[in-house]
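First to last, the protein sequences are chains V and R. Just so we're aligned, residue 1 is where the first sequence starts under this note's numbering, counting upward by one. Just so we're aligned, residue 1001 is where the second sequence starts under this note's numbering, counting upward by one. The structure appears right after this line, and notes come after that.
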Amino acid sequence: MKILVAVKRVIDYNVQVRVKDDGTGVVTDNVKMSTNPPDDNAIEEAVKIKESGKAKEVVAITIGDDKAQETVRKALAVGADRGIHVKVDGIVEPLAVSKILKKIVEKENPDLVFMGKQAIDDDCNQTGQMLAAILDWPQATFASKIEVKEKSLEVTREIDEGLETIEVNIPAIVTCDLRLNEPRYASLPNIMKAKKKPLEQLNASDLGVDTKARIEQIKVEEPPKRKAGIKVASVSELVQKLKNEAKVI
Amino acid sequence: MSILLIAEHNNTDLRPFTFNAATAASKINEDLHVLVLGNKSDSVAKAASEIPLVKKVIHVDNEIFDNFTAENYTSTILKHVDNYSHIVCSANTFGKNLMPRVAALLDTSQVSDIVNVISEDTFLRPIYAGNAFATVKSTDKKKCVTIRPTSFDPAPSTGGSAEIVKSDPGDKFESSKFVKREEIKSDRPELGTARVVISGGRGMQNSDNFKLISDIADKLNAAIGASRAAVDAGYITNDHQVGQTGKVVVPDLYIAVGISGAIQHLAGMKESKVIVAINKDGEAPIFSVADYGLEADLFEALPQFLEELNKLNSIQK
């Protein structure tokens, strides 16, 4: 079995994001970037399945500018066997990402495609479902547990009401929740070894995918600021304020 | 052209967020139609027809919709979209799972999680965990939009009498099978729509200590929330998680207990009308969004809080 895992480079989850003064986006210069957190879970799960003997190869793919390669190198350092970087500059919407991934799926013929359930930059939560749609594959979204069976996966999904379990036939798409597993850290020797693992480079334009934006970003602005609150000295003062000032209890 | 709202329901009742989504949908286009896909779901179609904003209900009743899989929903939705400019539903786990599958097959770039309607093609949506708001314009002919339900008031549920039209399902998807759903039943209000929410974080230390929170929740008729740290640690189940990758809540009162206030948690609660933070670390970021901050050990503060509430003559429900 072969597992393709899609990873995205995003602003690190610990960074306090700032909006650019001209309203064209957020500040990314000199800002720490990392792999999108649930994509780390996707890689970890694929590597675990390989370690259990149920998969033979894990291929990591990223789509983005030159620096996006860092995310593939990191995936290689934690156990992916080889990498693919599809180069494209600027914002690529999930629909275009899914079309690029479809081309790669047709070339690589993986049995499973894993990725994070949402990217923490655009918060779209679309790519996995879109890829499943255009491949006509089943989708198991928001996965917090995956059991690999002979020709299917049993996946526990986190939904608003609690948990849902579904069984999807292979080939399938899985989008991963942060609770799926605990991603490992890359050791220094493995980081060095990852530099020697193969990383294929392609251009989105060579794949024949139109990546032109369908959604115009008109402006990006700061969210409304909350006005500063107060500190109360005691629980009784708190309850009194909630009752008589805020009038919420 | 009209707008088509995909109803979320449990085959008996409409889920509450369908009413919020109806409000948003009718702001985009007043000719609002609702598509109900269910199994033995006549009561749902009837409920949808009684929403005064709704002009028409299309009802497809078939056993393939018993468990609401995105695959079976999608083929039927695609059969019904011809006369619509917009397909919309709520941006909760139901809509997040479903809408991109529909959008991709319509070759539409979906607009996720809108919090405001600016015009029929332009919407406001949060990005970067709500640290920025983007105004975006969809240039696709048919638009697929998911709606952050807590940003819109629920539509009135009675007084309407829209026509209900029966229709047929699309193809059944064979490669996916529902196994089971473990819903956590609770007598408390739903987290997404509760007037008061009290949430616990890592500071709660274990699941038993959540009793301190549930005692207060009982008193205030509140829903119980949690930070991701508390859920990851197993103190409480995932359906309680508030934040960027959990639920977004906008209650009148949000009480954060033992929650430091990571960006990802704030994304799920900072639009609440009144925020209270109880934390022993006076530097915790949660205090920067709190209207009322109490720097205290929660194990002393929560029992006192309950005691003070018990002293009150009346408490709003």
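Every residue, glycine too, gets a C-beta built ideally from N, C-alpha and C.
From residue i to residue j, what distance separates their C-alpha atoms?
i: residue 170(V); j: residue 1177(R); result: 12 angstroms
i: residue 89(V); j: residue 203(V); result: 10 angstroms
i: residue 1005(R); j: residue 227(V); result: 36 angstroms
i: residue 47(V); j: residue 1120(R); result: 45 angstroms
i: residue 49(V); j: residue 55(V); result: 6 angstroms
i: residue 1069(R); j: residue 1100(R); result: 13 angstroms
i: residue 1017(R); j: residue 184(V); result: 38 angstroms
i: residue 1282(R); j: residue 1295(R); result: 6 angstroms
i: residue 11(V); j: residue 71(V); result: 12 angstroms
i: residue 96(V); j: residue 1209(R); result: 47 angstroms
i: residue 1302(R); j: residue 1278(R); result: 9 angstroms
i: residue 1066(R); j: residue 1199(R); result: 33 angstroms
i: residue 1297(R); j: residue 1106(R); result: 54 angstroms
i: residue 1224(R); j: residue 66(V); result: 45 angstroms
i: residue 251(V); j: residue 1137(R); result: There is simply no residue 251(V) to check, as chain V begins at 1 and stops at 249 in what is shown.
i: residue 191(V); j: residue 1087(R); result: 46 angstroms
Could you pull out every residue in the same chain whose Cβ sits closer than 8 angstroms to the Cβ of residue i, ignoring the five residues on either side in sequence?
i: residue 1046(R); result: 1164
i: residue 197(V); result: 76, 80, 81, 82 and 83
i: residue 1135(R); result: 1118, 1122, 1123 and 1124
i: residue 1310(R); result: 1219
i: residue 1161(R); result: 1049 and 1050
i: residue 153(V); result: 112, 140, 146, 147, 167, 168, 170, 172 and 174
Looking at C-alpha atoms only, which residue of the options is the closest neighbour of residue i?
i: residue 1156(R); options: 1261(R), 1093(R), 1005(R) and 1053(R); result: 1053(R)
i: residue 1102(R); options: 1116(R), 1092(R), 1081(R) and 1114(R); result: 1081(R)
i: residue 110(V); options: 132(V), 64(V) and 190(V); result: 132(V)
i: residue 1300(R); options: 1041(R), 1035(R), 1130(R) and 1280(R); result: 1280(R)
i: residue 1204(R); options: 1221(R), 1257(R), 1194(R) and 1030(R); result: 1257(R)
i: residue 1270(R); options: 1260(R), 1161(R), 1240(R) and 1249(R); result: 1249(R)
i: residue 9(V); options: 242(V), 40(V) and 113(V); result: 40(V)
i: residue 1254(R); options: 1056(R), 1084(R), 1237(R) and 1276(R); result: 1276(R)
i: residue 1085(R); options: 1180(R), 1214(R), 1001(R) and 1273(R); result: 1001(R)
i: residue 1063(R); options: 1072(R), 1112(R) and 1141(R); result: 1072(R)
i: residue 243(V); options: 1317(R), 1110(R), 1153(R) and 1147(R); result: 1317(R)
i: residue 175(V); options: 163(V), 190(V), 136(V) and 126(V); result: 126(V)
i: residue 1312(R); options: 1273(R), 1220(R), 1198(R) and 1196(R); result: 1220(R)
i: residue 108(V); options: 200(V), 224(V) and 51(V); result: 200(V)
i: residue 223(V); options: 1195(R), 1170(R) and 1127(R); result: 1127(R)
i: residue 1227(R); options: 214(V), 179(V), 194(V) and 240(V); result: 179(V)
i: residue 1202(R); options: 1236(R), 1138(R) and 1033(R); result: 1236(R)
i: residue 123(V); options: 1096(R), 1038(R) and 1251(R); result: 1096(R)
Going by the DSSP bridge assignment, what does residue i pair with across the sheet?
i: residue 1170(R); result: Residue 1170(R) pairs with nothing; no bridge assigned.
i: residue 115(V); result: 6(V) and 175(V)
i: residue 1002(R); result: 1084(R)
i: residue 1126(R); result: 1133(R)
i: residue 1038(R); result: 1061(R)
i: residue 1138(R); result: 215(V)
i: residue 139(V); result: 173(V)
i: residue 1178(R); result: 166(V)
Name the chain V residues whose beta carbon is nearer than 8 angstroms to that of residue i?
i: residue 1101(R); result: 129, 130, 132, 133 and 139
i: residue 1122(R); result: 218
So, for residue i: in the same chain, excluding its five sequence neighbours on each side, which residues have a beta-carbon less than 7 angstroms away from its beta-carbon?
i: residue 221(V); result: 19 and 23
i: residue 60(V); result: 5, 7, 43, 72, 75, 76, 80 and 83
i: residue 1247(R); result: 1191, 1192, 1241 and 1268
i: residue 1022(R); result: 1005, 1032, 1051, 1053, 1054 and 1155
Tell me which residues share the same chain as residue i and place their Cβ nearer than 6 angstroms to its Cβ, disregarding the 5 neighbours each side in the sequence.
i: residue 1094(R); result: 1008
i: residue 15(V); result: 31 and 32
i: residue 113(V); result: 4 and 173
i: residue 69(V); result: 85
i: residue 194(V); result: 73, 76 and 77
i: residue 1195(R); result: 1251 and 1252
i: residue 211(V); result: 88, 92, 96 and 204
What does residue i reach in chain R if we use C-beta pairs closer than 8 angstroms?
i: residue 106(V); result: The premise fails here: residue 106(V) is roughly 16 angstroms from chain R at the closest Cβ pair, so nothing lies under 8 angstroms.
i: residue 176(V); result: Under the 8 angstroms cutoff, chain R gives no residues; its nearest Cβ is about 11 angstroms from residue 176(V).
i: residue 249(V); result: 1196, 1220, 1253, 1309, 1312, 1315 and 1316
So is residue i in contact with chain B if we call contact Cβ pairs under 8 angstroms?
i: residue 63(V); result: Looking for chain B here will not work: the only protein chains present are V and R.
Below 7 angstroms, is the gap between the Cβ of residue i and the nearest heavy atom of the ligand PLP?
i: residue 169(V); result: Absent from the structure shown: the ligand PLP. Ligands present: none.
Residue i versus chain V: which residues are under 9 angstroms apart at the beta carbon?
i: residue 1126(R); result: 123 and 223
i: residue 1247(R); result: 160
i: residue 1181(R); result: 159, 161, 162, 163, 164 and 165
For a contact defined as C-beta to C-beta under 9 angstroms, what are the partners of residue i on chain R?
i: residue 169(V); result: 1174, 1175, 1176 and 1177
i: residue 12(V); result: The contacting residues do not exist; residue 12(V) stays about 11 angstroms from chain R at best.
i: residue 9(V); result: None at all; the shortest Cβ gap to chain R is about 14 angstroms.
i: residue 120(V); result: 1128, 1129, 1244, 1245 and 1264
Name the chain R residues that come within less than 7 angstroms of residue i, Cβ to Cβ?
i: residue 229(V); result: 1290, 1291, 1292 and 1293
i: residue 19(V); result: 1132
i: residue 226(V); result: 1270 and 1289
i: residue 236(V); result: 1308
Applying a beta-carbon distance threshold of less than 7 angstroms, which residues of chain V neighbour residue i?
i: residue 1130(R); result: 223
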